[in-house]
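Before any comments, here is the structure.
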Amino acid sequence: MYANEFGQPNGQYLQVSEGGSAPIQSTSDMDTQPKAGKRKPDLSTASDTLEDRIASLEKKTKVEIITELKDKGTTDTTIGDSFVQIQEWELESGFDPLNVTVREKLAWLTLKSRAPSLTNLSPRAEEVYYDNVLFDIDSLQLRDPDKFVSGQLHNCVSEWRLILDENAHQDVVKWLEDGVDVGEFFRRFKGNFKGRNYDSEIPPRNYFQNAAICNTLRNTLFYIKRIVRENFNWVHQTFGKEPSKPRLCHDERYLNLWVKDLPFHLENLKDVHRLVQENALMITCDEKSGYDHVNLQESSQTYFGIQFGGFYMTYTTLPFGWKASPFIYQSIGICVTSYLRQLDVINTLYIDDRFVVTGGSKNSDDAMLEASKITYMVLQLLTRLGYTLSLSKCSLIPGTCKKFLGFLVDSVKQAYILPDDKKLKFIDLRKSILSMDQVVEDTAKILW
């Protein structure tokens, strides 16, 4: 089983924070330790193959499996030549992926949450743009975000070929046809990670213990949603800008050391004001579980392994935390941005957040008609390319003030406005910092 906790971009601090995920043992380290310090493997478990273990689990009930694991407590388990230590709180969490039904069938709806007609096809975006074909946005078929199925971009390759310049986008075509090959992003790494030296072309197999913070969140809706509703979107560490909004993340600091640098440009608020004319109407789109739209090749999935409560799983889609994920996802999405611009749709993309704006018109009727047309074209194109939109996070009714990347973009005032909820959070943050006896240097700079 390959690394559970992989790397990070250059320049980031590699030391483990207190209470964070810590390495248990790596196979490379076991080979380099003095003989006197080597741990003798338990032959009774070392002889068991993963296939034998799976076959054994299939014959047992959930109660028998959990009881067996609890009896072992935090004793060591050998899987192949990896050293694994299962923590007691993991066994007590009640986690059981064997009872999860993997969703494979798509569900469809309309903007009004009604069942659409799947026999009457909606006109294509190009037909609406070039031929002024009449459209009904309320009858447009959209994927149901509450019944999300991953990897749908790969089922729409024929549609992608219609919008891509295959000579200019060879990598994108390959990712969509075959899935992402982790190996194409590797470079040799020579250096130290958490006190151990490495010098190799690819990362040696390694195992890292799940972060202790997972224990504090294991009974929350936060975990239930990720494990049950999203079917195995499970990770090791939690990160987030705010304690109230933790983000599950597969810790890739180890693997990322072997991943080459992938610089790319992200259009952000500095670019938005150039697009927004006075009184322009805008909409925003949010792609559901963005990275889960893109599959990994099967041979690459074991680089993103997970152990929890004695169960072993791997990612099948781009993990949040892998250094190459934003580069790959943005490279695919920017192709849609460019194609929409060819259809005179002014838009910009920041990973999975899309901002769309009209050209602006003094005639309100003309402006709303243009905005409705553009909204339809964007939704129709994204849907036929395989995207699922998080409709609750989208703002699809054209308006002159829309929230994008944390700020309100106001085309009437021609200004960026900080939302009131953000102001209150900054006030609370300031009070919290001022109440401290000591603050770190970076925090002091914020106050200054």
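Take 1 as the starting number for the sequence shown in the working numbering and just add one per residue.
Built from N, CA and C at the ideal position, the CB exists for glycine as well.
Bear in mind that the values here come from a model prediction, so they are computed numbers and not experimental data.
Buried versus exposed, by CB contacts within 10 Å (16 or more), glutamine 380: Here residue 380 refers to the residue found at position 380 of the sequence shown. So glutamine 380 ends up on the buried side.
Given 8 Å, three or more beta-carbon pairs between the stretch 275-294 and the stretch 352-360: Because the criterion of three Cβ pairs below 8 Å is met, the stretch 275-294 and the stretch 352-360 touch.
Inside the stretch 288-365 only - alpha helix (DSSP H) runs reaching at least 4 residues: The stretch 288-365 contains these whole alpha helix (DSSP H) runs: 325-342.
Opposing strand residues paired with phenylalanine 404 [DSSP bridges]: Position 404 of the sequence shown, counted from the first residue, corresponds to residue 404. Bridge partners of phenylalanine 404 according to DSSP: Phe407.
Local conformation of cysteine 249 per DSSP, three classes: Position 249 of the sequence shown holds residue 249. In the structure shown, cysteine 249 adopts extended strand secondary structure according to DSSP, grouped into three states.
Residue(s) in a DSSP beta bridge with tryptophan 108: In the sequence shown, residue 108 corresponds to position 108, counting from 1. Beta bridge pairing from DSSP links tryptophan 108 with Arg143.
Cβ-based neighbour list, aspartate 149, same chain, cut-off 7 Å, excluding 5 preceding and 5 following: Walking along the sequence shown from the start, residue 149 turns up at place 149. The sequence shown places valine at residue 149, not aspartate. Cβ neighbours of valine 149 beyond the five flanking positions: Arg103, Glu104, Leu106.
C-beta contact flag for glutamine 277 and glycine 359 at 8 Å: Along the sequence shown, one-based indexing puts residue 277 at 277. Along the sequence shown, one-based indexing puts residue 359 at 359. Taking 8 Å as the cut-off, the Cβ atoms of glutamine 277 and glycine 359 count as close.
Glycine 321 vs threonine 314 beta-carbon contact at 8 Å: Position 321 of the sequence shown, counting from 1, holds the residue named residue 321. Position 314 of the sequence shown, counting from 1, holds the residue named residue 314. No, Cβ-Cβ distance for glycine 321 and threonine 314 is not below 8 Å.
Of the residues Asp365, Phe95, Gly151, Pro145, the one placed nearest threonine 110, counting alpha carbons only: Looking up residue 110 in the sequence shown gives position 110. The shortest C-alpha separation from threonine 110 is found at Pro145.
Inter-residue Cα distance where the pair is serine 113 and arginine 143: If you number the sequence shown from 1, residue 113 lands on position 113. If you number the sequence shown from 1, residue 143 lands on position 143. Each residue's CA atom was taken as its position, placing serine 113 and arginine 143 some 11 Å apart.
Contacts around tyrosine 198, its chain only, beta-carbon distance under 8 Å, and the 5 residues preceding and following it disregarded: Reading the sequence shown from its first residue, position 198 is the one you call residue 198. In its chain, beyond the 5 residues on either side, Ser28, Phe189, Lys190, Gly191, Asn192, Pro204, Leu257 have a beta carbon closer than 8 Å to the beta carbon of tyrosine 198.
Of the residues Thr383, Gln438, Lys270, the one placed nearest glutamate 159, counting alpha carbons only: Residue numbering aside, residue 159 sits at position 159 when the sequence shown is read from its first letter. Answer by Cα proximity: Thr383.
Distance between beta carbons of serine 93 and glycine 310, contact taken as under 8 Å: Sequence index remark: in the sequence shown, residue 310 carries index 310 (1-based). Sequence index remark: in the sequence shown, residue 93 carries index 93 (1-based). So it is not a contact: roughly 11 Å between Cβ atoms.
DSSP bridge partner residues for aspartate 286 (one or two, in chain order): The residue labelled residue 286 in the question sits at position 286 within the sequence shown. Beta-bridge partners of aspartate 286 (DSSP): Asp353.
Anticipated Cβ contact below 8 Å, glutamine 152 with glycine 386, distance rounded: For the purposes of this step, residue 152 is taken as the residue at position 152 of the sequence shown. For the purposes of this step, residue 386 is taken as the residue at position 386 of the sequence shown. Rounded to whole angstroms, the Cβ separation of glutamine 152 and glycine 386 is 4 Å, and the two are in contact under 8 Å.
The stretch 390-408 touching the stretch 165-174, judged by at least three CB pairs closer than 8 Å: No: fewer than three Cβ pairs fall under 8 Å.
Cβ-based neighbour list, valine 133, same chain, cut-off 7 Å, excluding 5 preceding and 5 following: The residue labelled residue 133 in the question sits at position 133 within the sequence shown. Correct list, in chain order: Pro123, Glu127.
Counterpart residues of alanine 415 in DSSP-defined beta bridges: On the sequence shown, residue 415 is found 415 positions in, with the first residue counted as 1. DSSP, once it has assigned bridges, lists Asp410 as partnering alanine 415.
For glutamine 152: DSSP bridge partner residues: The residue given as residue 152 occupies position 152 in the sequence shown. Partner(s): none; glutamine 152 has no beta bridge.
Close-in-space but distant-in-sequence residues of the same chain around asparagine 176 (CB under 7 Å, 5 per side omitted): Taking the first residue of the sequence shown as position 1, residue 176 is located at position 176. For clarity, residue 176 is leucine in the given sequence; the question names asparagine instead. Result list for leucine 176: Leu153, His154, Val157, Trp160, in chain order.
Asparagine 215, DSSP secondary structure in three states: Your numbering for residue 215 matches position 215 in the sequence shown. Correct three-state label for asparagine 215: helix.
N- and C-terminal bounds of the beta strand (DSSP E) containing arginine 196: In the sequence shown, the residue the question calls residue 196 occupies position 196. Segment 196-200, the beta strand (DSSP E) holding arginine 196.
Glutamine 87 (DSSP reduced to helix, strand or coil): Along the sequence shown, read from residue 1 onward, the residue named residue 87 stands at position 87. The answer is coil: DSSP assigns glutamine 87 none of H, G, I, E or B.
Local conformation of leucine 389 per DSSP, three classes: Translated into the one-based positions of the sequence shown, residue 389 becomes position 389. For leucine 389, the secondary structure class from DSSP, reduced to helix, strand or coil, is strand.
Close Cβ partners of alanine 280 (< 6 Å) along its chain, the five nearest in sequence each way excluded: Sequence index remark: in the sequence shown, residue 280 carries index 280 (1-based). Val357, Thr358, Gly360, Ser411.
Closest Cα partner of aspartate 131 within the set Lys422, Met377, Leu424: Position 131 of the sequence shown, counted from the first residue, corresponds to residue 131. Comparing Cα-Cα distances from aspartate 131 to each of Lys422, Met377, Leu424, the minimum goes to Met377.
Beta-carbon proximity list for glutamine 301, same chain, < 7 Å, skipping 5 on both sides: For the purposes of this step, residue 301 is taken as residue 301 along the sequence shown, with counting starting at 1. The beta carbon of glutamine 301 sits closer than 7 Å to the beta carbons of Thr314, Tyr315, Thr316 from its chain, once the five residues preceding and following it are set aside; these are given in chain order.
Close Cβ partners of glutamate 370 (< 8 Å) along its chain, the five nearest in sequence each way excluded: Position 370 of the sequence shown, counted from the first residue, corresponds to residue 370. Excluding sequence neighbours, glutamate 370 sits near Leu281, Thr358, Gly359, Ser361.
Helix, strand or coil at lysine 260 according to DSSP, with G and I counted as helix: For the purposes of this step, residue 260 is taken as the residue at position 260 of the sequence shown. If DSSP states are grouped into helix, strand and coil, lysine 260 belongs with coil.
Cβ pair valine 100, glutamine 307 closer than 8 Å: Position 100 of the sequence shown holds residue 100. Position 307 of the sequence shown holds residue 307. Taking 8 Å as the cut-off, the Cβ atoms of valine 100 and glutamine 307 do not count as close.
Buried or exposed by the 16-neighbour rule on C-beta atoms within 10 Å, applied to glutamate 90: Start at 1 with the first residue of the sequence shown, and residue 90 comes out as number 90. Within 10 angstroms of the beta-carbon of glutamate 90 lie 16 or more other beta-carbons, which makes it buried.
Whole-angstrom distance between glutamate 88 and leucine 269, CA atom to CA atom: In the sequence shown, counting from the first residue as 1, residue 269 sits at position 269. In the sequence shown, counting from the first residue as 1, residue 88 sits at position 88. In a straight line, the C-alpha of leucine 269 is about 46 Å away from that of glutamate 88.
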